[in-house]
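Notes for the one structure printed next.
Numbering (our numbering), first residue to last: 86 to 254.
This is the structure we're talking about:
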């Protein structure tokens, strides 16, 4: 029985160490990424009753797909200390772009999670990051579609927020 317990413990410990190493490698890769805001795509106004943010889109298919769904209202739930997430009403028809997909994100990035068709507003550490202070998604990752010009007010909003997304005029 002791040997079985020890074996289970070693397997769990190896799994946890592997997850920690993986997330630190993902965060380290952020140093090599410098996403560029699209000069041709419009700015999107993301607003609630209590706050408004400007979303500057990146040049990718996920951002263009989001534009086709605007205007829209999305109920988003607080995700740990650093994000809001909400399921899009329409399934985005995007072939996954592996070069843009990642698990770690810059604070202020807006991310589309393909598998769950969910949009995330990232502004701090998320529950899946075990030892890092950056926004993280689960193993499948997501595609960053843009960044919020100023995201500081997100941390003061309630746990459930109705956000309106519309092209800024």
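We treat Cβ as the ideally placed atom computed from N, Cα and C, and that holds for glycine.
All figures in this text were calculated on a predicted structure; none of them were measured in a lab.
query                                                                                                                                   : result
Status (buried if at least 16 other CB within 10 Å, exposed otherwise) for residue 189                                                  : buried
Sub-7 angstroms separation of residue 144 and residue 234 beta-carbons                                                                  : no
Residues near residue 148 by beta carbon distance below 8 angstroms, same chain, minus five either side                                 : 123, 126, 142, 230 and 231
Sufficient close CB pairs (3 or more, under 8 angstroms) joining the region 108-123 to the region 157-170                               : no
Cut-off 6 angstroms between Cβ atoms - residues of its own chain near residue 187, not counting five sequence neighbours on either side : 226
Contact with chain C by residue 151, beta-carbon distance below 7 angstroms                                                             : Absent from the structure is chain C; it holds one protein chain and no more.
Run of the alpha helix (DSSP H) containing residue 151, from where it starts to where it stops                                          : 146-153
Nonlocal neighbours in the same chain, by C-beta distance under 8 angstroms from residue 133, ignoring five residues either side        : 242, 246, 247, 248 and 249
Exposure label - residue 175; buried when at least 16 CB within 10 Å                                                                    : exposed
Residues near residue 203 by beta carbon distance below 6 angstroms, same chain, minus five either side                                 : 170 and 172
For residue 163, the first and last residue of its enclosing beta strand (DSSP E)                                                       : 157-163
Status (buried if at least 16 other CB within 10 Å, exposed otherwise) for residue 86                                                   : exposed
Cβ-based neighbour list, residue 201, same chain, cut-off 6 angstroms, excluding 5 preceding and 5 following                            : none
First through last residue of the beta strand (DSSP E) which encompasses residue 242                                                    : Run containing residue 242: none; DSSP gives neither H nor E here.
Nearest-angstrom beta carbon gap, residue 108 and residue 217 [assumed within contact, 8 angstroms]                                     : 6 angstroms
Option nearest residue 240 by Cα separation, candidates 223, 146 and 208                                                                : 208
For residue 122, the residue or residues it bridges with in DSSP                                                                        : 143
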